[in-house]
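Q: These protein sequence lines are chains A and B, in that order. Once you know that position 227 of the first sequence is 227 in our numbering, the rest is easy, because the numbers rise by one and skip nothing. Heads up: take any position in the second sequence, counting from 1, add 1000, and you land on our numbering.
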Amino acid sequence: MTSDNIMIQVKDLKKYYNGEKIKALDGVNINVNRGDVMVVIGPSGSGKSTFLRSLNLLEIPTSGQIIVDGVDITGSEIDLDKFRQKMGMVFQHFNLFPHKTILENLTIAPIIVKKENEEKANKKAMELLDRVGLADRAKAYPVQLSGGQKQRVAIVRALCMDPEIMLFDEPTSALDPEMVGEVLDVMKELARDGMTMVTVTHEMGFAREVGNRVVFMDGGNIVEQGTPEEIFGSPKSPRLQDFLRKVL
Amino acid sequence: MQISLDNFSRVMKYVPLFGRGLVVTVLLSLVTVLLGFVLAFILAMMSLSSVKILRAISTVYVQIVRCTPMMVQVLIMYYLLTGLIPFPRVFLFGYIEVGRFIPAAISLALNSGGYMSDVIRGGIEGIDQGQTEAARSLGMTKGQTMRYIIIPQAIKNILPSFANEFVTIIKESSVCSVIGVAEITKQAQNVQSATFISLEPLFVATFLYFCLCFPTSRIIAYFERRMRASDQR
Ligand SMILES: Nc1ncnc2c1ncn2[C@@H]1O[C@H](COP(=O)(O)OP(=O)(O)O)[C@@H](O)[C@H]1O
Ligand SMILES: [Mg+2]
């Protein structure tokens, strides 16, 4: 694989809280390649969210580098807001804007951040909304939607900014079981369309079926990584074996 | 001393004076709430800023306002402002003396803004952190996030407090009688001097304050309930 293909290089990334007491990330090294569907697994508290949130600097790392398209975004002279536009993020608790309609949720960032004209932003939003089967809810408010619908809207909201990569932090963990499928289906379709994705999830089925790389984190480190076949078929480290025994 | 109907009927001759006092009190309170809101908003933004000196200024200001008596604040502002600015002897509507009304409104607003800045800050901090994260992850700047996402949601929590503050100021504005603003309390004192009747004018003043505050607070409570109901849509 050539280096043109590398989208994000993470070098010795550390994130400490309370001085050095809590080492949420303790020297993470990894590359995300264009088109990767990377699935991050690991026990609770292992640093998965911190890792994901560091990628778009929602969390400011204590040390280390994150190089996106050849530029170190941890450098101080970087226009972070510009960089974040390239990275869509989907949260466990959706975080839709409750005072705005679904359509407004989708168009606010394109309009005020990218200065798109309203008509164009609306048109694109409606097309994407239609693709996730929610065009008829455009005028509704978030409270009027089910969890699964909210999360599909949240995905579309990120997509409306034309991101180059999508970050998902346990997108189905807050959902009732019967709604998990509809969200995963949208994510699968995104993956099929070639979107670069980094997903933290406990859905091992999704990891196996859709992921091309699986990363296992524990104690703030990447303990093991490989293809789904390698990780699930022949896990090497005892910690991964132990983890898989518990979740599978 | 005795409270008598006769006294009341003598005091009632001065109803027009009380009427003027009522207008002054309402006007003073309205101006104060509006000015106070602007100041409170600025102070809240300062206290939430990442610039240390702004946070410090805001904190010190709020503490000074809270830990000194209002009457002293009003007196200081009156002498300070009338000393600095030679207010012309202009009367609004023929009976609101601008040179007293303006210092009164400013000092009340300086006080109210200090108290209300915490309410605004609380309203802003009460918005789920996830809202900020979502907005920032979409590329919005800190300012855009505040303006389009956080403040519109916070306003809903803040507005009832400001309506209640209006009621509080209606009562507290009586302190402005010490600098001669002809609001309800001052007019009651004027009637006392004119009639040599001490209690009855104060009863009239009490009645007027109550008639202003009670319905207003009921109306606010009603809208608050309705707003909360619409949240649970
Ligand atoms: N803001 C914070 N302050 C202190 N500790 C934190 C903070 N955020 C995360 N942590 C700690 O960092 C570690 C990793 O957290 P996180 O990345 O959320 O784990 P995961 O997503 O894998 O469950 C945990 O021990 C957590 O308690
Ligand atoms: Mg997490």
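Every residue, glycine too, gets a C-beta built ideally from N, C-alpha and C.
Buried or exposed, going by whether 16 or more other CB atoms sit within 10 Å of the CB of B:P1069?
A: It is exposed - the Cβ of B:P1069 has fewer than 16 other Cβ atoms within 10 Å.
Q: Is any non-hydrogen atom of ligand 2 found closer than 7 Å to the C-beta of A:V200, if you look at the structure I gave you?
A: Checking every heavy atom of ligand 2 against the Cβ of A:V200, one is found closer than 7 Å.
Q: Going along chain C in order, which residues have a C-beta closer than 7 Å to the C-beta of B:I1149?
A: The chain inventory of the structure shown lacks chain C, comprising the protein chains A and B.
Q: So with Cβ pairs under 8 Å, would you call B:S1137 a contact of chain A?
A: Yes, because at least one Cβ of chain A sits closer than 8 Å to the Cβ of B:S1137.
Q: Starting from the beta carbon of B:Q1131, find every residue of chain A whose beta carbon is closer than 8 Å, and list them in chain order.
A: Within chain A, the residues near B:Q1131 are N95, F97.
Q: Report the residue ranges of all alpha helix (DSSP H) runs contained in full by the segment 1097-1184 of chain B; include only those spanning at least 4 residues, in chain order.
A: Listed in chain order, they are 1098-1125, 1129-1137, 1151-1172.
Q: Could you tell me the boundaries of the beta strand (DSSP E) in which A:Q65 lies?
A: First-last of the beta strand (DSSP E) with A:Q65: 63-68.
Q: Is it buried or exposed, A:G205, if we count other Cβ atoms within 10 angstroms and call 16 or more buried?
A: Exposed, since its Cβ has fewer than 16 Cβ neighbours within 10 Å.
Q: At the level of alpha carbons, what is the spacing between B:E1200 and B:Y1209?
A: Roughly 14 Å between the two C-alpha positions.
Q: How many Å lie between B:V1175 and A:Q151 at the Cα?
A: Approximately 55 Å between the Cα atoms of the pair.
Q: Would you say A:A138 and A:T199 are within 8 Å of each other, going by their C-beta atoms?
A: Against a cut-off of 8 Å, the Cβ pair of A:T199 and A:A138 comes out as no contact.
Q: Please confirm if B:P1160 has its CB atom under 8 Å from at least one CB of chain A.
A: Cβ-Cβ to chain A under 8 Å: no for B:P1160.
Q: In the DSSP assignment, what are the bridge partners of A:N33?
A: Partner(s): A:I6.
Q: Just to make sure I have the definition right: I need the residues of chain A whose C-beta is within less than 9 Å of the C-beta of B:Q1153. Which are they?
A: Under the 9 Å cutoff, chain A gives F97, P98, H99.
Q: Out of B:R1066, B:I1076, B:R1136, B:T1145, which has the shortest C-alpha to C-alpha gap to B:I1179?
A: For the residues B:R1066, B:I1076, B:R1136, B:T1145, the minimum Cα distance to B:I1179 belongs to B:I1076.
Q: Given 7 Å as the limit, tell me if A:S49 has its C-beta closer than that to any heavy atom belonging to ligand 2.
A: Answer for A:S49: yes, Cβ within range of ligand 2.
Q: Counting only the same chain and skipping the five closest in sequence on each side, list residues whose C-beta sits under 7 Å from that of B:Y1095.
A: If we look at B:Y1095 and ignore the five residues flanking it on each side, its Cβ neighbours are R1020, A1182.
Q: Given A:I73, which residues of its chain have a CB within under 8 Å of its CB, disregarding the five upstream and five downstream residues?
A: L57, I66, I67, L80, F83.
Q: Rounding to the nearest angstrom, what Cα-Cα distance links A:L128 and A:P171 in this structure?
A: Between A:L128 and A:P171, the C-alpha separation is close to 18 Å.
Q: Quick one: which chain B residues come within Cβ less than 7 Å of A:M89?
A: Here the neighbours are S1137.
Q: Could you give the distance in angstroms between the alpha-carbon of B:R1233 and the alpha-carbon of A:M179?
A: Note that B:R1233 scores a pLDDT of 46, beneath 50, so its modelled location is shaky; the value from the coordinates is reported in the next line. Whole-angstrom Cα-Cα distance: 22 Å.
Q: Would A:A191 and A:V32 qualify as a contact pair, given that the criterion is a beta-carbon distance under 8 Å?
A: No, the pair does not count as a contact, with Cβ atoms beyond the cut-off.
Q: Closer than 9 Å by beta-carbon distance: list the chain A residues that pair up with B:M1140, in chain order.
A: D81, R84, I108, A109, I112, V113, listed in chain order.
Q: Just to make sure I have the definition right: I need the residues of chain A whose C-beta is within less than 9 Å of the C-beta of B:A1205. Which are they?
A: Correct list: empty, because the minimum Cβ distance to chain A is about 43 Å.
Q: So the candidates are B:V1119, B:A1104, B:A1044, B:L1202; which of them puts its Cα closest to the Cα of B:S1161?
A: When each option's Cα is compared against that of B:S1161, the closest is B:V1119.
Q: Report the neighbours of A:L58 on chain B: residues whose CB is nearer than 8 Å to its CB, in chain order.
A: E1133, R1136, S1137, listed in chain order.
Q: Does any heavy atom of ligand 2 sit closer than 7 Å to the C-beta of A:E170?
A: Because some heavy atom of ligand 2 lies under 7 Å away, the Cβ of A:E170 counts as near it: yes.
Q: Nearest-angstrom Cα distance between A:N60 and A:L13?
A: Note on identity: in this sequence residue 60 of chain A is Ile, with Asn being the wrong assignment. Taking the straight line joining both Cα atoms gives about 10 Å.
Q: Cβ of A:M161 less than 8 Å from any chain B Cβ?
A: With 8 Å as the cut-off, A:M161 counts as an interface residue toward chain B.
Q: Please confirm whether A:M1 has its beta-carbon closer than 8 Å to some beta-carbon of chain B.
A: Bear in mind that the predicted position of A:M1 carries a pLDDT of just 47, short of 50, making it too unreliable to give a figure here.
Q: Assign B:R1089 to one of three DSSP states: helix, strand, or coil.
A: In this structure, B:R1089 counts as coil in the three-state DSSP scheme.
Q: Mind checking B:T1206: buried by the 16 CB within 10 Å criterion, or exposed?
A: Answer is exposed; the Cβ neighbour count stays below 16.
Q: Using a Cβ cut-off of 8 Å (strictly closer), state whether B:Q1144 contacts chain A.
A: Yes, because at least one Cβ of chain A sits closer than 8 Å to the Cβ of B:Q1144.
Q: What number of angstroms, rounded off, separates the C-alpha of B:G1113 from the C-alpha of B:V1065?
A: Rounded to the nearest angstrom, the two C-alpha atoms are 9 Å apart.
Q: I'd like the span of the alpha helix (DSSP H) that includes A:G19, first residue to last.
A: No alpha helix (DSSP H) holds A:G19; DSSP gives it neither H nor E.
Q: Cβ of A:S46 versus every heavy atom of ligand 1: is any distance shorter than 7 Å?
A: At least one heavy atom of ligand 1 is nearer than 7 Å to the Cβ of A:S46, so yes.
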